[in-house]
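Undergrad:
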Ligand code: LMR
């Protein structure tokens with residue numbers, strides 16, 4: 449059984465692994481969609497990472513070359529290279545340990561994440577082709593919606609291209625754990641700094657499952673009524689931002705922050721550490737092929753996907769209700785491969 453204490457230990461390991469000095473390697477990260485608002489903010493955050501040796505920025509938009517040059521003028525951090533155009537994507541992913549997919553068409557008010565698959569799948573397809581051709585051993589981190597379908601879509605494509613490693617493909621869901629921590633801290637009127645809780649399920653309005661009953665430290669408790677309210681808030685956060693930004697964008701800074709947190713931890717893992725990241729990955733333990741939650745990662749990929757938790761009755765209900773939704777989303781992503789591969793030939 450995954451007990452409260454062990455979650456605390458797992459999550460605190462993140463902090464410990466940050467403090468521990470692990471052998472420095474020449475880590476290289478590629479950010480795809482670097483001119484978009486998420487990608488540009490992520491690039492700026494990563495430029496400040498002293499453990500990163502090289503940062504490759506790719507965007508279809510030719511402005512990317514100037515943006516990369518601009519970042520390159522800032523002292524410290526990784527060496528920055530900009531790529532664009534037909535062969536640029538292949539060059540951009542070559543040699544990177546981690547490729548981060550930040551390219552996306554942002555959601556508009558009234559759209560669900562699921563409706564974004566047609567808009568976002570072609571770019572994902574091109575990236576999978578480039579990874580399969582140039583760098584099949586790379587970790588792939590995806591933030592593009594609909595995450596519940598996009599990770600299975602990318603996995604199925606990589607499988608088709610002979611380059612799928614289920615231990616190395618992630619949907620980044622740090623944004624959900626960040627939101628859950630913030631709402632819980634507000635409700636408890638404590639600092640969120642040392643407050644942790646697992647967030648599992650998927651990444652959509654009806655599949656994010658914050659496990660408030662597993663909150664750590666265990667002296668804090670959220671009652672079932674509060675848990676219901678806070679769960680609704682966490683689930684609606686992304687959609688509320690889309691609405692409040694009046695159709696211009698969805699969450700940008702939060703997404704960049706959460707990708708940067710994920711990248712920081714992944715650099716530790718790539719350098720030989722063991723870290724816990726919140727991500728949506730291949731995971732057979734919940735009656736779906738993909739599931740999200742705190743996942744232990746090492747230099748070669750997933751060491752331990754999340755499996756068992758203790759649930760309140762409410763959380764148990766949420767897990768049961770989310771399983772058919774995630775299964776539907778996974779199938780949508782996997783079946784989209786057939787559509788995109790035969791109906792639409794990749795441009796390059
Ligand atoms: C979020 O949760 O904020 C992201 O998935 C972006 C979006 O479209 O909601």
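Numbering (the working numbering), first residue to last: 449 to 796. Backbone N, C-alpha and C fix where the C-beta goes; we use that ideal spot for every residue, glycine too.
(1) Whose C-alpha, out of 477, 507 and 554, is nearest the C-alpha of residue 494?
(2) Flag this pair as touching only if the stretch 761 to 780 and the stretch 732 to 748 have three or more C-beta atom pairs under 8 Å; answer yes or no.
(3) Assuming residue 632 and residue 702 are in contact, meaning their beta carbons sit under 8 Å apart, how far apart are those beta carbons, in whole angstroms?
(4) With respect to the alpha helix (DSSP H) encompassing residue 692, which residues constitute its N-terminal and C-terminal limits?
(5) Buried or exposed: which applies to residue 718, given that a residue is buried once 16 or more other Cβ atoms fall within 10 Å of its Cβ?
(6) Please determine whether the Cβ atom of residue 708 lies at a distance below 7 Å from any heavy atom of the ligand LMR.
(7) According to DSSP, is residue 646 helix, strand or coil?
(8) In three-state DSSP terms, what is residue 630?
(9) Quick one: is the Cβ of residue 690 within less than 7 Å of any heavy atom of the ligand LMR?
(10) For a quick check, are the C-beta atoms of residue 482 and residue 505 less than 8 Å apart?
(11) Taking residue 536 as the reference, give the member of 607, 577, 496 and 569 with the closest Cα.
(12) Using the beta-carbon count (16 or more within 10 Å), is residue 721 buried or exposed?
(13) Starting from residue 738 and walking both ways along the beta strand (DSSP E), at which residues does that stretch end?
(14) Closer than 7 Å: is that where the CB of residue 561 sits relative to any heavy atom of the ligand LMR?
(15) Just list the beta strand (DSSP E) runs in the stretch 547 to 617, keeping only unbroken ones of 3 residues or longer that don't cross its boundaries, in chain order.
TA: Checking against the coordinates, here is how it stands:
(1) The residue you call residue 494 lines up with position 46 of the chain shown. Of 477, 507 and 554, the residue nearest in Cα terms is 477.
(2) yes
(3) Position 184 of the chain shown, counted from the first residue, corresponds to residue 632. Position 254 of the chain shown, counted from the first residue, corresponds to residue 702. Incorrect: roughly 16 Å between the Cβ atoms, too far for contact.
(4) Counting from one through the chain shown, the residue named residue 692 turns up at place 244. Taken as a continuous stretch (DSSP letters only), the alpha helix (DSSP H) holding residue 692 covers 672 to 692.
(5) Your numbering for residue 718 matches position 270 in the chain shown. Result: buried.
(6) Here the question's residue 708 lines up with position 260 in the chain shown. Outside the cutoff, so no.
(7) As a first step, residue 646 must be located in the chain shown, where it is residue number 198. Coil, per DSSP.
(8) Within the chain shown, the letter at position 182 stands for residue 630. Of the three classes helix, strand and coil, the one that applies to residue 630 here is helix, per DSSP.
(9) Residue numbering aside, residue 690 sits at position 242 when the chain shown is read from its first letter. Under cutoff, so the answer is yes.
(10) Residue mapping note: residue 482 aligns to position 34 of the chain shown, counting from 1. Residue mapping note: residue 505 aligns to position 57 of the chain shown, counting from 1. Closer than 8 Å, so yes.
(11) Taking the chain shown and counting its residues from 1, one reaches residue 536 at position 88. Here the closest residue by C-alpha is 577.
(12) For the purposes of this step, residue 721 is taken as the residue at position 273 of the chain shown. Counting Cβ neighbours within 10 Å, residue 721 comes out buried, since at least 16 surround it.
(13) By 1-based counting over the chain shown, the position of residue 738 is 290. Residue 738 -> beta strand (DSSP E) spans 738 to 746.
(14) The residue given as residue 561 occupies position 113 in the chain shown. Yes.
(15) 587 to 590
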